[in-house]
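Line order of the protein sequences matches chains V and G. If you're matching positions, the first sequence starts at 1 in my numbering and goes up one per residue. If you're matching positions, the second sequence starts at 1001 in my numbering and goes up one per residue.
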Amino acid sequence: DVKVTQSSRYLVKRTGEKVFLECVQDMDHENMFWYRQDPGLGLRLIYFSYDVKMKEKGDIPEGYSVSREKKERFSLILESASTNQTSMYLCASRRGGSHDEQFFGPGTRLTVL
Amino acid sequence: EDKVVQSPLSLVVHEGDTVTLNCSYEVTNFRSLLWYKQEKKAPTFLFMLTSSGIEKKSGRLSSILDKKELSSILNITATQTGDSAIYLCAGGSSNTGKLIFGQGTTLQVKP
Chain V
1 DVKVTQSSRY LVKRTGEKVF LECVQDMDHE NMFWYRQDPG LGLRLIYFSY
51 DVKMKEKGDI PEGYSVSREK KERFSLILES ASTNQTSMYL CASRRGGSHD
101 EQFFGPGTRL TVL
Chain G
1001 EDKVVQSPLS LVVHEGDTVT LNCSYEVTNF RSLLWYKQEK KAPTFLFMLT
1051 SSGIEKKSGR LSSILDKKEL SSILNITATQ TGDSAIYLCA GGSSNTGKLI
1101 FGQGTTLQVK P
């Protein structure tokens, strides 16, 4: 079974803190994605990576950065957390060169106070 | 701008009812339409549709794509309380490889 894990299910941070969200997949997938999910807005793509060291901006990259140093790990970084970044963050992975389904992690619910 | 719209946004039914969830899309270089089910955890994949008019079925769930109408439906027959979830629809683009998600439909099935 494909497994995508995220470092925390719940996280509470203060405004201005630097926040790291980690995602690890065990299926040797090349492609990895970070989304945020907000009520009424669905999932919105923040950043994605087609392979190690590669990154592409998604639809809402402002206030975020990412790191992909190893194939299995994709990190989302909030350089200076703000209250409007309170959200559910979902990571996903997919086999490279395909249009197959994406496999999702359980999500991290981040609250910024 | 690419977009995917789902309707209704929420739905409450009783066990045994049949429900139909709708998804319409405007996706540049459209390639596929995907359905996911999300309970209080990771969204899980249900169906991927690429050809118009061919129904995909899994137990009580079925889905079909209409490329002429740029839409898809997800049917659930004989609903059970375990079907309560958010159902997500996403359109895939062949040139970007990205998925564009709709807002989701929240389904509540009452005993």
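Even for Gly, the Cβ is constructed at its ideal location relative to N, Cα and C.
Residues sharing a beta bridge with residue i, DSSP
{"i": "Leu30 of chain V", "result": "A small correction: the amino acid at residue 30 of chain V is Glu; Leu does not occupy that position in the sequence shown. Answer by DSSP bridge pairing: none, since Glu30 of chain V is not bridged."}
{"i": "Gly1016 of chain G", "result": "Gly1016 of chain G pairs with nothing; no bridge assigned."}
{"i": "Ser65 of chain V", "result": "V:Ile77"}
{"i": "Gln1108 of chain G", "result": "G:Val1012"}
{"i": "Asn1022 of chain G", "result": "G:Ser1007, G:Ile1073"}
{"i": "Ala1085 of chain G", "result": "G:Leu1107"}
{"i": "Ile1100 of chain G", "result": "G:Gly1091"}
When the options are compared against residue i, the one with the closest alpha-carbon
{"i": "Arg14 of chain V", "options": "V:Lys70, V:Gln6, V:Arg109, V:Ser80", "result": "V:Ser80"}
{"i": "Gly42 of chain V", "options": "G:Ser1094, G:Leu1107, G:Ile1100", "result": "G:Ile1100"}
{"i": "Leu1061 of chain G", "options": "G:Asn1075, G:Lys1098, G:Ala1090, G:Ile1054", "result": "G:Asn1075"}
{"i": "Asn1095 of chain G", "options": "V:Ser98, V:Ser93, V:Arg94", "result": "V:Ser98"}
{"i": "Thr5 of chain V", "options": "V:Met27, V:Lys18, V:Val12", "result": "V:Met27"}
{"i": "Ile1073 of chain G", "options": "G:Pro1043, G:Gly1104, G:Gly1082, G:His1014", "result": "G:Gly1104"}
{"i": "Thr1106 of chain G", "options": "G:Asp1002, G:Thr1081, G:Ser1058, G:Lys1003", "result": "G:Thr1081"}
{"i": "Cys23 of chain V", "options": "V:Gly96, V:Gln85, V:Tyr47, V:Val12", "result": "V:Tyr47"}
{"i": "Phe104 of chain V", "options": "V:Gln25, V:Asn84, V:Lys57", "result": "V:Gln25"}
C-beta atoms of residue i and residue j nearer than 9 Å
{"i": "Ile148 of chain V", "j": "Ser67 of chain V", "result": "Examination of residue 148 of chain V is not possible in this model, given that chain V is present from 1 through 113 alone."}
{"i": "Arg94 of chain V", "j": "Glu30 of chain V", "result": "yes"}
{"i": "Gln1006 of chain G", "j": "Cys1089 of chain G", "result": "yes"}
{"i": "Ser1093 of chain G", "j": "Phe1045 of chain G", "result": "no"}
{"i": "Leu1034 of chain G", "j": "Leu1049 of chain G", "result": "yes"}
Exposure label - residue i; buried when at least 16 CB within 10 Å
{"i": "Pro39 of chain V", "result": "exposed"}
{"i": "Thr1018 of chain G", "result": "exposed"}
{"i": "Ala1085 of chain G", "result": "buried"}
{"i": "Ser75 of chain V", "result": "buried"}
{"i": "Thr1079 of chain G", "result": "buried"}
Every unbroken beta strand (DSSP E) inside the region 1045 to 1078 of chain G [3 residues or more]
1056 to 1058, 1061 to 1066, 1071 to 1076
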